[in-house]
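Q: First the structure, which I've put down as structure tokens, then a few questions once you've had a look.
In the numbering used here, the protein residues as written are 565 to 710.
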């Protein structure tokens with residue numbers, strides 16, 4: 565009986581550890597999908613500003629890659645019941661919060677670089693999570709003037 569009790573205790577301990585960390589891959593996959601979505605949105609924009617106007621822009625009116633430089637607070641423009649604080653959730657390209665993704669933080673940096681003699685912009689999208697310190701993901705991409 566003692567042997568069975570020790571064995572059951574060991575199995576329960578292992579199950580406890582596995583269960584405690586079972587959501588970690590989900591947070592990582594969601595962070596990757598968020599970063600990929602933001603990066604795709606940015607890289608599909610023009611290399612340089614088509615109308616030479618940067619005044620008063622918000623994420624819903626960004627028209628070139630460098631408009632995204634310094635994007636923080638997820639680029640949110642509105643709140644929702646599930647995301648009552650501005651930037652509390654990841655947001656879509658129009659600045660609306662995605663209620664199913666609370667706690668994700670997105671920051672974007674755009675820097676000019678030269679790739680083999682070709683002017684380009686390097687875009688770094690970093691995603692973190694408020695309640696999961698293990699989520700700290702950066703995806704990078706380059707946009708040339710083609």
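Beta carbons: idealized from backbone N, C-alpha and C, even for Gly.
From residue 703 to residue 632, what does the alpha carbon distance come to, in whole angstroms?
A: Residue 703 and residue 632: Cα-Cα distance of roughly 15 Å.
Q: Hey, how far is the Cα of residue 623 from the Cα of residue 630?
A: If you take the alpha carbons of residue 623 and residue 630, they lie about 12 Å apart.
Q: At a cut-off of 7 Å, would you count residue 649 as near the ligand ADP, judging by its Cβ distance to the nearest heavy atom?
A: This structure lacks the ligand ADP, and indeed carries no ligand of any kind.
Q: Using the three-state DSSP reduction, which class does residue 637 fall into: helix, strand or coil?
A: It is helical.
Q: Can you look up residue 593 in the DSSP assignment and give me helix, strand or coil?
A: Three-state result, residue 593: helix.
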